[in-house]
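In what follows, a single structure is set out as structure tokens and then discussed.
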Amino acid sequence: MRKILLLLVISLPGAAGMAVFGYYALSDWGQLQDYLAYKTVAETSTDLAVLFKANAGQMTQRINLFADGTWFLLSSIFTSIGLHGFLVSK
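To convert, count from 1 in the sequence shown and add 3; that's this note's numbering.
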């Protein structure tokens, strides 16, 4: 009963979180690569409104990627704790 509880309460939600947040982290990574065009905008444009908009878009993607990566790592810690408890318990 204890092993099943560890798997159902800790390991499975952790693995699901890894799948969901990993997917969104990779999605945000692709979008961040698109916003790296900010460098070319900064080199070619002198309009401050365009520069602020490009910078805001890039920084938003960086924050989203950071948050998704943090939740992915937290979910992987939950999964590893659950698996450790499952394998060690008698």
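All residues carry an ideal CB built from backbone N, CA and C; glycine is no exception. All values derive from a computational prediction rather than experimental measurement.
Cut-off 7 Å between Cβ atoms - residues of its own chain near residue i, not counting five sequence neighbours on either side
i	result
Leu29	none
Residue range of the alpha helix (DSSP H) that includes residue i
i	result
Val44	41-47
Val91	51-91
Leu9	5-9
Val23	15-38
Through-space distance from residue j to residue i, alpha-carbon basis
i	j	result
Glu46	Leu76	36 Å
Ala59	Thr43	15 Å
Leu10	Ala19	12 Å
Gly85	Met21	14 Å
Leu68	Asp31	6 Å
Gln64	Leu8	37 Å
Val23	Gly33	16 Å
His87	Met4	16 Å
Gly72	Tyr38	18 Å
Ser83	Lys6	14 Å
Beta-carbon proximity list for residue i, same chain, < 8 Å, skipping 5 on both sides
i	result
Ile80	Gly17
Legend entry - Sufficient close CB pairs (3 or more, under 8 Å) joining the segment 13-23 to the segment 45-62: Taking one beta carbon from each stretch, the segment 13-23 and the segment 45-62 have fewer than 3 pairs nearer than 8 Å; the two do not touch.
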